[in-house]
């Protein structure tokens, strides 16, 4: 294997010769298309980075194939977006990178609030463990099969999901005796922002600055 | 009534005796040996470390004994952003410190929440603890922390040490001296 030194996470590839060993990045994407065809619903290219839209039920299968057969051995990040007011409400984006090829791949999928759960990829990329915990903590999206789905930043028992669009910027009051409490933050009419300039600190410092009309 | 005796000149003790109030002597001892509890929670803690290091040298003010145990500490330096998740832990550590004790809120976050107008950040440690000195800055320079420490020393030396901290001992002393 040419890339055996960098393929420590390619547990699926260790038994047989991987497909990517003799492939160019273009051929990799072609083989992804051949393997999944209609399951890759929508493809976009931007600055040499490829994005596929997929559906929730195909995620596990496609992720396994990307990791084992196509050398996407590095999960850069998982992000979640709350398109509040649209249906389906949530959007999850998997940012993949291939160390041997230097290629990027994004997988996007949409998730409705009623479903509210999708399969974990922490069995494929162990780093997904904490990423998925953060998404659960901030957005309230659950991951089926996750080994340890607890909140990661807020405490167990905090009743809200703070990065949802219907959560107010100032927060909401809560109280868990002997654990933690929260209060509503005084926002003075807007988010606190700084103004980068050479002015004095009194003019630069963070404060509520209503948008000028 | 205690017996009073006239003193005569004694060359052996000349220059080694001072007359002062007991309060003032106690305060003088306390303020020049403040043992801080380093409550480093964010970037202010880096400045706190710099203050303790050789260039600024907090030991010039007798406050260099920083140990991560609250049991022997006099002053808690809250250096950094106090999140709600950490807030009750800070309070608990403060309650473990023996009396007399003081609190320095170091920097904008510990004083007011600073730029974090957020669901996750306590808007000033003074909502939980009685703060003696607030230090502005984001983060404050080590000089600012030293200035705050000197302010605290001034405050301690102007406090009635016995009446506030040990009223029963003060009563006994007053009776004995009456």
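Protein chains in written order, with my numbering: chain A, 1 to 213; chain B, 214 to 391.
Every residue gets a Cβ at the ideal spot worked out from N, C-alpha and C, and that includes glycine.
Rounded straight-line distance, which links the Cα of residue j to that of residue i
i	j	result
residue 177 (chain A)	residue 359 (chain B)	37 angstroms
residue 324 (chain B)	residue 346 (chain B)	9 angstroms
residue 236 (chain B)	residue 298 (chain B)	40 angstroms
residue 91 (chain A)	residue 189 (chain A)	30 angstroms
residue 221 (chain A)	residue 105 (chain A)	No answer is possible for residue 221 (chain A): the residues shown for chain A start at 1 and end at 213.
residue 379 (chain B)	residue 389 (chain B)	16 angstroms
residue 375 (chain B)	residue 287 (chain B)	16 angstroms
residue 32 (chain A)	residue 143 (chain A)	25 angstroms
residue 145 (chain A)	residue 122 (chain A)	9 angstroms
residue 186 (chain A)	residue 158 (chain A)	20 angstroms
residue 355 (chain B)	residue 210 (chain A)	35 angstroms
residue 205 (chain A)	residue 198 (chain A)	12 angstroms
residue 120 (chain A)	residue 65 (chain A)	15 angstroms
residue 270 (chain B)	residue 302 (chain B)	29 angstroms
residue 153 (chain A)	residue 296 (chain B)	11 angstroms
Outcome for residue i when other beta-carbon atoms lying within 10 angstroms are tallied against a minimum of 16
i	result
residue 137 (chain A)	buried
residue 168 (chain A)	exposed
residue 352 (chain B)	buried
residue 193 (chain A)	exposed
residue 326 (chain B)	buried
residue 329 (chain B)	buried
residue 135 (chain A)	buried
residue 260 (chain B)	buried
residue 139 (chain A)	buried
residue 130 (chain A)	exposed
Within 9 angstroms, strictly: CB atoms of residue i and residue j
i	j	result
residue 333 (chain B)	residue 171 (chain A)	yes
residue 278 (chain B)	residue 252 (chain B)	no
residue 173 (chain A)	residue 182 (chain A)	yes
residue 132 (chain A)	residue 78 (chain A)	yes
residue 43 (chain A)	residue 50 (chain A)	yes
residue 107 (chain A)	residue 54 (chain A)	yes
residue 362 (chain B)	residue 274 (chain B)	yes
residue 201 (chain B)	residue 348 (chain B)	Residue 201 (chain B) lies beyond the stretch modelled for chain B, which goes from 214 to 391, so this question has no answer here.
Report yes or no: do the segment 223 to 238 of chain B and the segment 251 to 268 of chain B share at least 3 C-beta pairs separated by less than 8 angstroms? Segments in contact, no.
Any chance you could list the alpha helix (DSSP H) runs of at least 4 consecutive residues sitting entirely within the segment 255 to 338 of chain B, in chain order? Taking only runs of at least 4 residues, the alpha helix (DSSP H) segments lying wholly in the segment 255 to 338 of chain B are 257 to 265, 297 to 309, 320 to 325.
Whole alpha helix (DSSP H) runs in the segment 46 to 129 of chain A with 4 or more residues, listed along the chain? 59 to 68
Answer yes if the segment 57 to 75 of chain A comes into contact with the segment 93 to 100 of chain A, meaning at least three C-beta pairs across the two stretches below 8 angstroms, and no otherwise. yes
At least 3 beta-carbon pairs within less than 8 angstroms: the segment 367 to 377 of chain B vs the segment 240 to 255 of chain B: yes
Which runs of the beta strand (DSSP E) spanning at least 3 residues fall entirely within the segment 341 to 383 of chain B, listed in chain order? 346 to 348
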